[in-house]
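Beneath this line is the structure, given in structure tokens, with notes to follow.
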Amino acid sequence: MQDVIEALEARRQQARMGGGETRIARQHEKGKLTARERMELLLDEGSFEEFDMFVEHQCSDFDMDEQKIPGDGVVTGHGTVNGRLVYVFSKDFTVFGGSLSMAHAQKIVKVQQAAARTSAPVIGIFDAGGARIQEGVDSLAGYADIFMENVLSSGVIPQISVIMGPCAGGDVYSPAMTDFIFMVKDTSYMYVTGPDVVKTVTNEEVTHEELGGARVHAAKSGVADGAFENDIEALVQIRRLVDFLPLSNKETPPTRPSFDAPDRVISSLDTLIPDNPNTPYDMKELITKVADEGDFFEISPAFGANIICGFGRLEGTSVGFVANQPMTLAGVLDIDASRKAARFVRFCDCFNIPIVTFVDVPGFMPGTKQEYGGLIKHGAKLLFAFAEATVPKVTVITRKAYGGAYDVMSSKHLRGDINYAWPNAEIAVMGAKGAVEIIFRSELGDEEKIAARTREYEDNFANPYVAARKGYVDDIIMPHSTRKRVIRALRTLRSKDVKNPAKKHDNIPL
Ligand code: HXC
């Protein structure tokens, strides 16, 4: 028996070595951890249970039957993050460059299906060269099997992708269908076709980094929801993110003990808004002051920075914060901000996470770039997302809420449950200057008259009382009591039960 046990241990040891010492050393030289080292950092110590350690590919073309490595380039299984079950797969670049064979794909599908059956998230770690060229069409079939599971699990269990090396060709589309993509600066890149193909087809010369590096996707394309300095930071942050999320759409968001008083008064908020309505202030200050213990996990901080999205907790329970950021483009809604926030709102709604919205929005971004880019459809995404969301929705207008953007930002009219405004709020069809120029066009040459008209408009309409008189805001609250009032509002909404009309699915303007 001892021999048998030793033989098993030897086989396991061989599988754990993946592509061997030289390739592991090469991985480390590039500043990357191995697939197994990543798993260890992501999961609670000793919690990892591996599946399919001995799986090998079945390909015999190109002499592949002579090159078999147990595990076949992906480490799969489950473990826990702070005691909560998650399923994981981690591509092993040391084995055929982490490329995807049919056997490799089946291992991933097994994990995806187990996660769906047991209502637990899937976290995928990517570091791979795309389709296993030697397997040809079997590799394409394997990718499609994974995509299918991604789609079936969308909105059922959270799916998170972490890109920690190359992620090219077929590898990009599975992450693209997951809820969040995070990348590592300098060592990861994502693209459909690499620099060589780009050169051949378009004659453009670009590096891997310029084409699909972490900075490109986290700030320009919006494909990635964040970029971290190295593998370790990325995995620590993913653990933090998982703590905010329910394990599936059957659960309510997690609650953990909070030592932050729900009725904490925040006096400094009374002076957050500058006297000049055109002077910016940092909306993140409001979020971190309101959230329990100032803990805020921001999604896509570098992309569409004119809107802030992220997770925090109130009375220990996760909430999604959405807030216009006056520090960037005066908090205007443009294509990027609308797309980013729409997706975030929909994530929260899928997973029963209440949404707290802070509004300071001067309107939609004007200009040909925006109109040609489809601002109408993209802006409609955010409108649609807020409107269809049935989770508790609490809104606080801190300053401007102008025009269509007022409607969009979780207004009463889109089934906002509790809508508050600060006393300095300006809820109006547009800013005073624009309104006067339209209503009093005939007086436009007379500066004195126009100035008087503008002051008159500001006094009569640039305030929260017009909306409050009509019940469009439920109350005008003191800035210092914002945390207390939002928490009280959310308490009353714990039993909220609203369903949209029965349908196959909606047709959000994609
Ligand atoms: C088989 C692969 C491979 C692949 C890499 N390897 N990619 N083996 N299929 N797709 C192997 C290499 O042969 C090498 O083996 C080892 O992995 C490490 O690769 P290197 O090239 O030495 O590493 P590096 O210099 O870091 O370059 C990484 C890379 C490059 C940029 C990812 O390997 C590369 O360009 N690979 C091919 C990418 C590609 O064209 N993929 C197919 C996309 S088409 P040894 O034995 O030397 O260690 C696709 C379509 C699917 O994915 C569509 C489905 C929807």
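Using the working numbering, the first residue of the sequence shown is number 10, and each one after it goes up by one.
Glycine included, every Cβ here is placed at the ideal spot set by N, Cα and C.
Query: Inter-residue spacing [alpha-carbon to alpha-carbon] between Asn212 and Thr377; Result: 28 angstroms
Query: 8 angstroms contact criterion, which Ser170 and Phe189 should meet: CB distance rounded; Result: 7 angstroms
Query: C-alpha gap between Ala125 and Val165, whole angstroms; Result: 8 angstroms
Query: Ala270 classed as buried or exposed, judged by whether at least 16 other C-beta atoms fall within 10 angstroms; Result: exposed
Query: Per DSSP, cross-strand counterpart(s) of Asp484; Result: Tyr429
Query: Distance, Gly388 Cα to Val495 Cα; Result: 26 angstroms
Query: Test item: CB-CB of Asp252 and Asn91 under 8 angstroms; Result: yes
Query: Counterpart residues of Pro375 in DSSP-defined beta bridges; Result: In DSSP, Pro375 forms no bridge with anything.
Query: Beta-ladder partner(s) of Asn333, from DSSP; Result: Ile316
Query: First through last residue of the alpha helix (DSSP H) which encompasses Pro184; Result: 182-185
Query: Ile14 (DSSP reduced to helix, strand or coil); Result: helix
Query: Rounded Cβ spacing between Val131 and Gln143 (contact assumed at less than 8 angstroms); Result: Their Cβ separation, rounded to whole angstroms, is 27 angstroms, which puts Val131 and Gln143 out of contact at 8 angstroms.
Query: Strand pairing of Met192, partner residues [DSSP]; Result: Ile172, Ala236
Query: Trp431 vs Pro488 beta-carbon contact at 8 angstroms; Result: yes
Query: Arg322 versus Pro283: straight-line alpha-carbon distance, rounded; Result: 27 angstroms
Query: Gln143 CB to nearest heavy atom of the ligand HXC below 7 angstroms; Result: yes
Query: Sub-8 angstroms separation of Asp101 and Gly27 beta-carbons; Result: yes
Query: Where the alpha helix (DSSP H) containing Gly221 begins and where it ends; Result: 217-221
Query: Member of Ser56, Ile308, Val104 whose CA lies at the smallest distance from the CA of Val232; Result: Ile308
Query: Continuous beta strand (DSSP E) assignments of at least 3 residues falling wholly in the segment 86-131; Result: 93-100
Query: Closer than 7 angstroms: Ala125 CB and nearest the ligand HXC heavy atom; Result: no
Query: Straight-line gap, Val225 to Ile33 (C-alpha atoms, nearest Å); Result: 28 angstroms
Query: Neighbour-count burial assignment, Tyr381, 16 or more Cβ in a 10 Å radius; Result: exposed
Query: Contact set for Leu453: own chain, Cβ-Cβ below 7 angstroms, skip 5 residues either direction; Result: Glu446, Ile459
Query: Whole-angstrom distance between Ala24 and Asp12, CA atom to CA atom; Result: 18 angstroms
Query: Beta-carbon proximity list for Asp358, same chain, < 8 angstroms, skipping 5 on both sides; Result: Ile364, Ala394, Glu397, Ala398, Thr399, Val400
Query: Distance cut-off 7 angstroms: Phe105 Cβ against heavy atoms of the ligand HXC; Result: yes
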